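Position one of the sequence shown corresponds to residue 0 (numbering that gives the first Met the number 0), numbered consecutively onward. Right, one structure below, let's go through it.
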Amino acid sequence: MPIEKTPIGTRGTEMPGGKLLRKVLEPLAKRQVGAYRKTGGTDRMSRMMKFPVVLLTTKGAKSGAERISALGGFQEGDDAWLIVASKGGSKTHPAWLNNMIKHPDDIWLEVGKRKMKVQAESLTGAAREEAYRRVVAVAPQYGEYTKKTDRVIPVIRLTAVSGS
Numbered sequence: 000m001p002i003e004k005t006p007i008g009t010r011g012t013e014m015p016g017g018k019l020l021r022k023v024l025e026p027l028a029k030r031q032v033g034a035y036r037k038t039g040g041t042d043r044m045s046r047m048m049k050f051p052v053v054l055l056t057t058k059g060a061k062s063g064a065e066r067i068s069a070l071g072g073f074q075e076g077d078d079a080w081l082i083v084a085s086k087g088g089s090k091t092h093p094a095w096l097n098n099m100i101k102h103p104d105d106i107w108l109e110v111g112k113r114k115m116k117v118q119a120e121s122l123t124g125a126a127r128e129e130a131y132r133r134v135v136a137v138a139p140q141y142g143e144y145t146k147k148t149d150r151v152i153p154v155i156r157l158t159a160v161s162g163s
């Protein structure tokens with residue numbers, strides 16, 4: 000099943016935005032990515048989150064530029080991980096979800112020192128519910144996000160592509 004974009008919500012956490020905030024956050028995000036890569040994901044920020052952190056690389060839906068996001072990544076077997084498009088309980092989806100929908104063949108995942116090309120699949124129905132429960136068991140804050148928004152928060156399974 001391809002990546003599915005569920006409808007946005009009517010309520011949710013307001014995420015700050017604007018050019019000024021972007022100027023502040025972009026250097027912090029780059030520093031976090033650099034620290035993750037240098038330490039293989041054992042940097043202070045990754046430990047502070049209290050759940051596994053991975054790096055997701057996508058191609059921008061509009062720009063086509065490489066985009067890197069540090070996210071919670073929850074292992075599911077040897078070569079599969081779950082990521083959650085929660086955006087902190089916002090009523091809208093994170094940009095990386097739109098990027099994956101637009102460019103499904105340009106998705107990479109870094110787990111520790113391993114970088115691999117992955118295939119993304121939206122989980123739906125009972126499979127999504129069960130996966131979300133497993134994520135919340137490891138990272139309880141994800142359970143709070145469903146209380147903040149009325150949108151169905153997408154859960155995406157990323158599976159390593161053979162040979163990557």
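All C-beta atoms, glycine included, are put in the ideal place defined by N, C-alpha and C. Owing to the predicted nature of the structure, the values given are computational and were not obtained by experimental measurement.
For residue i, three-class secondary structure by DSSP
i, result
"Glu120", "strand"
"Met99", "helix"
"Ala84", "coil"
"Ala159", "strand"
Same chain, Cβ closer than 6 angstroms to residue i, neighbours up to 5 away in sequence not counted
i, result
"Gln74", "Trp80"
"Lys101", "Ala60"
Straight-line gap, residue i to residue j (C-alpha atoms, nearest Å)
i, j, result
"Thr56", "Gly111", "14 angstroms"
"Pro51", "Thr38", "14 angstroms"
"Leu27", "Asp42", "14 angstroms"
"Pro103", "Glu128", "23 angstroms"
"Lys114", "Gly76", "16 angstroms"
"Ser121", "Lys22", "32 angstroms"
"Lys86", "Lys146", "13 angstroms"
"Gly78", "Thr12", "It should be noted that the sequence gives Asp, not Gly, for residue 78. Between Asp78 and Thr12, the C-alpha separation is close to 33 angstroms."
Own chain partners of residue i with C-beta closer than 7 angstroms, once the 5 adjacent residues on each side are dropped
i, result
"Thr5", "Arg150, Val151, Pro153"
"Val32", "Leu54, Ile67, Ala69"
"Val137", "Phe50, Phe73"
Residue-level contact to chain D via CB, residue i, 8 angstroms cutoff
i, result
"Asp78", "In summary, chain D is missing from the structure at hand, where a single protein chain is found."
Integer Cβ distance of residue i from residue j, believed to fall under 8 angstroms
i, j, result
"Lys90", "Thr9", "7 angstroms"
"Gly88", "Tyr144", "4 angstroms"
"Ile2", "His92", "The pair is not a contact, with the Cβ atoms about 11 angstroms apart (cut-off 8 angstroms)."
"Asn98", "Lys58", "6 angstroms"
Cβ-based neighbour list, residue i, same chain, cut-off 8 angstroms, excluding 5 preceding and 5 following
i, result
"Val134", "Gly71, Phe73, Leu81, Val83, Tyr141, Val154"
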